[in-house]
Amino acid sequence: MGNYIPNTPAEQQEMLKECGYSGFDDLYRDIPESVLLKEPLDIPAANSELSVRRIIEDMAEKNVVYRHIFRGAGAYNHYIPAIVNTIADKEEFRTAYTPYQAEISQGVLQTIFEYQTDICELTGMDASNASVYDGAVAAAEACEMCRDRKRSTILVSGTVDPKTVSVVKTYSFGRDVKVILVPEKDGVTDLAALKELLTPDVSCLLIQHPNYYGNLEPMEEAVEAVHASGAKLIESVNPVSMAVLKTPGEYGADIAVGEGQPLGMPLSFGGPYLGFMATGHKMMRKLPGRIVGQTVDCDGNRTFVLTLQAREQHIRREKASSNICSNEALCALRAAAYLAAMGPDGFYETAVQCSSKAHYLQEKLAEAGLPPVWPDQEFFHEFVTACPDPAKVLGALASEGILGGLPLPGGRILWCATEMNTKEEMDRAAAIVKEVTGA
Amino acid sequence: MKLVFERSRAGRGTQYLPENDVPRRLPKAQLREKKLHLASLPETEVDRHYTELAKQTHGVNDGFYPLGSCTMKYNPQINEEMAALPGFTKIHPLQDADTVEGCREVCDTLEKYLCEITGMDAVSLQPAAGAHGEFTGLLLIKAYHRERGDVKRTKIIVPDSAHGTNPASAAMAGFDVVSIASDDQGCVDLESLKAAVGEDTAGLMLTNPNTVGLFDPNILEITRIVHEAGGLCYYDGANLNAVMGIARPGDMGFDVIHVNLHKTFSTPHGGGGPGSGPSGCKAFLAKYLPGKGAEGSIGDVRSFGGNFLVAVKALAYILSIGREGIPAAAENAVLNANYMKEKLKDIYPLAYDRTCMHEFVICLEELKHQTDVSALDIAKAMLDHGIHPPTMYFPLIVHEALMVEPTETETKETLDEAVRIFRDIYDEAVKNPEAMHEKPLHTPVRRPDEVLAARSPVIRYAFED
Chain A
77 MGNYIPNTPA
87 EQQEMLKECG
97 YSGFDDLYRD
107 IPESVLLKEP
117 LDIPAANSEL
127 SVRRIIEDMA
137 EKNVVYRHIF
147 RGAGAYNHYI
157 PAIVNTIADK
167 EEFRTAYTPY
177 QAEISQGVLQ
187 TIFEYQTDIC
197 ELTGMDASNA
207 SVYDGAVAAA
217 EACEMCRDRK
227 RSTILVSGTV
237 DPKTVSVVKT
247 YSFGRDVKVI
257 LVPEKDGVTD
267 LAALKELLTP
277 DVSCLLIQHP
287 NYYGNLEPME
297 EAVEAVHASG
307 AKLIESVNPV
317 SMAVLKTPGE
327 YGADIAVGEG
337 QPLGMPLSFG
347 GPYLGFMATG
357 HKMMRKLPGR
367 IVGQTVDCDG
377 NRTFVLTLQA
387 REQHIRREKA
397 SSNICSNEAL
407 CALRAAAYLA
417 AMGPDGFYET
427 AVQCSSKAHY
437 LQEKLAEAGL
447 PPVWPDQEFF
457 HEFVTACPDP
467 AKVLGALASE
477 GILGGLPLPG
487 GRILWCATEM
497 NTKEEMDRAA
507 AIVKEVTGA
Chain B
1171 MKLVFERSRA
1181 GRGTQYLPEN
1191 DVPRRLPKAQ
1201 LREKKLHLAS
1211 LPETEVDRHY
1221 TELAKQTHGV
1231 NDGFYPLGSC
1241 TMKYNPQINE
1251 EMAALPGFTK
1261 IHPLQDADTV
1271 EGCREVCDTL
1281 EKYLCEITGM
1291 DAVSLQPAAG
1301 AHGEFTGLLL
1311 IKAYHRERGD
1321 VKRTKIIVPD
1331 SAHGTNPASA
1341 AMAGFDVVSI
1351 ASDDQGCVDL
1361 ESLKAAVGED
1371 TAGLMLTNPN
1381 TVGLFDPNIL
1391 EITRIVHEAG
1401 GLCYYDGANL
1411 NAVMGIARPG
1421 DMGFDVIHVN
1431 LHKTFSTPHG
1441 GGGPGSGPSG
1451 CKAFLAKYLP
1461 GKGAEGSIGD
1471 VRSFGGNFLV
1481 AVKALAYILS
1491 IGREGIPAAA
1501 ENAVLNANYM
1511 KEKLKDIYPL
1521 AYDRTCMHEF
1531 VICLEELKHQ
1541 TDVSALDIAK
1551 AMLDHGIHPP
1561 TMYFPLIVHE
1571 ALMVEPTETE
1581 TKETLDEAVR
1591 IFRDIYDEAV
1601 KNPEAMHEKP
1611 LHTPVRRPDE
1621 VLAARSPVIR
1631 YAFED
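Top to bottom, those sequences are chains A and B.
When we follow the numbering used here, the leftmost residue of the first sequence carries the number 77, and every step to the right adds one.
When we follow the numbering used here, the leftmost residue of the second sequence carries the number 1171, and every step to the right adds one.
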């Protein structure tokens, strides 16, 4: 039975004696008698490693693993080169704590510095933090960066992922900040409605591009309208799309955020994932969480350290820019290792294949009787089709080992294709759909 | 060493994807014009880059890591293998419920065990870290008072010894923070607490054992005072490792808690994360928990169900050590701390000289006064001996503090060797104080210029083009 306690019972007794204690009970004299547990915990007895393996493998086997996935909606199935796992499994990285002692943490610190550089490059921004919990939290934290005494209302486009909206609302409940949803029109943000809602108390607009439906938003018009009103614009992006799409920096967004999972993190039933955040020089000191900076050591060697810590909870306590302490450092390392392995050409090719395959799938599904809901909208790797009976279509696909798109209210399905989907697989999916629809 | 971008040579790389088998299609407009700089490296170079970086990183497996308050215990390998099962890693979070029964079982089982260990009635695995769990728990307290129409309860009481995340989380949840002084034993000063509570008290946040490593013997009185004033009691589970299986926060009078799976339950810290900070509560607050879709819930605090793979690792750990191993881990964590404390206290003055829990705090104010050797100097000297230093300058109520947490997974020999090194360093500090300011001498880099880093921030690599 593994309890990972190396000292033998005899050694433990010897140590107790050396310290002047007659037994373990002596160590707990400060705990009131009435609070001490009298019975063993009601959890199973210790298990051997082999038994633990059996128990947990049995659990894993109860899940259905799909080899063919056309579902995204915030979690994306991408190829992860083997080297990414090798790097993330290195025990020095995996078992280290936050790099407080720079002299023996240069490895972790440099990987974060390189990650920050990658995120700035992807988003076209100047400054990135070391990560937050996930993309939705990144959006919520960005909203907080924009708030000030005069401007406290947050606008969120109705085309933002509903999970992100939910998290922004939860964080806003904390700060007692009002959140208003901007209506959608034709699958994108309703610009006319947005302009109406941009009152002087609005601090920011959170917009997602490509949006929840996969559609490209009218970003230029949105940025112009928001800035004209004196508010800030937060753009949530899919990092893979950044290889081909115009960046938040190019649009003039104030903050870029997003879910970093597509950069080398497996689907993993929702986590651990990676929230990235980047901004311009102006708002750099409002970023939450850790930031790694470059400096020199006393011998003049390039050295990396945690920096701008005056923003953080361990210094500023209730006046900190955020409460974040632990982040998603190993996921940030995964993202950096993924980008280093793929390189500019491989990463660009990934984005091209995502877009190409999604467009191919859209055509095939249309031929199979599932027409796009917004045929005129430009999209990246997700799109929505009409579907009178989503359960029937998705059931037919599932019975062939294919995870179809995500059913949306109103007889619609949100589909996603990535570099993982082959032409053959898409043709087969379309054929199954066709049989159901009778098109 | 070189940055990954400085190793890069245009045109180099490894192709991981097959050729595109459908017609090339990109959106017609809104395309990127700005050049995207990423490193171009063959796989051999990528591998060597990260291997070199790993060599410049100190993890738990590289040596003793007595970083107080962080519970740097050994991270069992079986946990990693279980979390890497394709039956978990390849599951889309939005799959239909009948295809994720195994994931559900992992979560339900872990939630049940965490309830039992903490004495709570319900747990949500959604919070992704300890501070995230604190924020969540405080929103539960807020929702509870709001629903009762008790809107004047706007204040959260936090001892001055608390982790910085406590007041920061309270502020994020919209509360005003009332800091109360600790008594001369580092525990909650009951008179200060009585004076602080009132009709505006939403709750109290407490770590117990507290941040000086002591179990507050007045715990029942403390939670009673807060409850009688109409407030709720929040338990910061950062230090649960000292008492798990021995005593439960739920039996001490706490209503809401978080636990750190990445401390107490052996999941690795990953150089800063991912962690997992499940929130637990008593039945009367259960409906407010996030991620459960219950009527009245505070909503989600992140997407999906939480850091699921971390939950798998924690479950593997609990199944491995079982009901006997949990209190045994606590007892040995406390024993190892007391053992080191007793072997050091004749030269390293203790902030509080009594039986400690899983960690103890050294106060080097006197040494600093006499020799100008600071807690920082002592800590930096340890780096030359392959030991990760204790937590420095925390808690804030102890000057020149070093907080030592050996954990239960270290052998007696490791503790003895660390004690010898601690003592040698002290001797050197007394004999040659000047030299201490130069430490460390043998690390990959030496003391960094942190002022320069903050004054002229360079936080990304600048490409030439």
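Beta carbons: idealized from backbone N, C-alpha and C, even for Gly.
Note on geometry: alpha-carbon atoms of Tyr1244 of chain B and Lys1325 of chain B lie some 39 Å from one another. If you check each beta-carbon in the segment 1488 to 1504 of chain B against every beta-carbon of chain A, the ones closer than 7 Å belong to Ile1488, Leu1489, Ser1490, Ile1491, Gly1492, Arg1493, Glu1494, Gly1495, Ile1496, Ala1498, Ala1499, Glu1501, Asn1502, Val1504. The beta-carbon of His390 of chain A is placed less than 7 Å from the nearest beta-carbon of chain B.
With respect to chain A, the C-beta atom of Thr1241 of chain B has no partner C-beta closer than 7 Å. Of all alpha-carbon atoms in A:Leu274, A:Asn291, A:Leu185, the one lying nearest the alpha-carbon of Leu1223 of chain B is that of A:Leu185.
Per DSSP, the continuous alpha helix (DSSP H) segment holding Gly183 of chain A begins and ends at 182 to 199. Counted as a single uninterrupted DSSP element, the alpha helix (DSSP H) harbouring Ile1488 of chain B occupies residues 1478 to 1514. Residues of chain B whose Cβ lies closer than 8 Å to the Cβ of Asp266 of chain A do not exist, since the nearest Cβ in that chain is about 19 Å away.
Between the alpha carbons of Met1573 of chain B and Gly1466 of chain B lies a distance of about 41 Å.
Sorting A:Pro259, A:Val236, A:Thr275 by C-alpha distance to the C-alpha of Lys226 of chain A places A:Thr275 at the top. For Leu1390 of chain B, the closest Cβ of chain A is nearer than 7 Å. Around the C-beta of Gly1476 of chain B, 16 or more other C-beta atoms lie within 10 Å, and the residue is accordingly described as buried. Fully enclosed beta strand (DSSP E) runs of no fewer than 3 residues occupy 1325 to 1329, 1346 to 1350, 1371 to 1377 of the segment 1318 to 1406 of chain B, in order along the chain. The three-state reading of DSSP puts Thr1306 of chain B in helix, counting H, G and I together. By alpha-carbon distance to His154 of chain A, the top candidate from A:Tyr436, A:Lys261, A:His457 is A:His457. One finds Ile1416 in chain B with Cβ atoms closer than 7 Å to the Cβ of Tyr104 of chain A, taken in chain order. Among the residues of chain B, those whose CB is under 9 Å from the CB of Lys239 of chain A are Asp1470, Arg1472, Ser1473, Phe1474, following chain order. Closer than 7 Å to the CB of Glu1575 of chain B there is not a single CB belonging to chain A. Three or more beta-carbon pairs separated by less than 8 Å are not found between the segment 439 to 449 of chain A and the segment 204 to 223 of chain A, which leaves the two stretches without contact. Between the alpha carbons of Lys1205 of chain B and Cys222 of chain A lies a gap of roughly 28 Å. Beta-bridge annotation (DSSP): His144 of chain A is paired with A:Ile478. Taking C-beta separations shorter than 7 Å and ignoring five residues to either side along the sequence, the partners of Ser1339 of chain B in its chain run Ala1301, Glu1304, Phe1305, Leu1308, following chain order. Note: Asn161 of chain A is not bridge-paired with any residue in the DSSP secondary-structure output. In the three-state reduction of the DSSP assignment, Met91 of chain A falls in the helix class.
Not a single C-beta of chain B is nearer than 7 Å to the C-beta of Val333 of chain A. Out of B:Asp1542, B:Ile1496, B:Val1628, B:Pro1387, the CA that lies nearest to the CA of Gln1355 of chain B is found in B:Pro1387. Restricting attention to beta strand (DSSP E) runs no shorter than 3 residues, the segment 197 to 253 of chain A encloses them at 229 to 233, ordered along the chain. Using a CB distance cut-off of 7 Å, Val128 of chain A counts as an interface residue toward chain B.
Uninterrupted beta strand (DSSP E) stretches at least 3 residues long and entirely within the segment 1203 to 1241 of chain B do not occur. If you check the CB distance, Phe1478 of chain B and Gly346 of chain A come in under 7 Å. With a beta-carbon spacing of about 28 Å, Ala1499 of chain B and Glu1391 of chain B fall beyond the 8 Å limit used to define contacts. In summary, Lys1515 of chain B is exposed, with fewer than 16 beta-carbon neighbours lying within 10 Å of its beta-carbon over all protein chains present. Between Val141 of chain A and Ala1486 of chain B, the gap from beta carbon to beta carbon reaches 7 Å or more. Residue pairing by DSSP places His1428 of chain B opposite B:Asp1406, B:Ser1449 in a beta bridge.
Under the rule that a run must span 4 or more residues, the alpha helix (DSSP H) segments found entirely inside the segment 366 to 422 of chain A read 389 to 392. Straight through space, the alpha carbons of Leu1585 of chain B and Phe1234 of chain B are spaced by roughly 9 Å.
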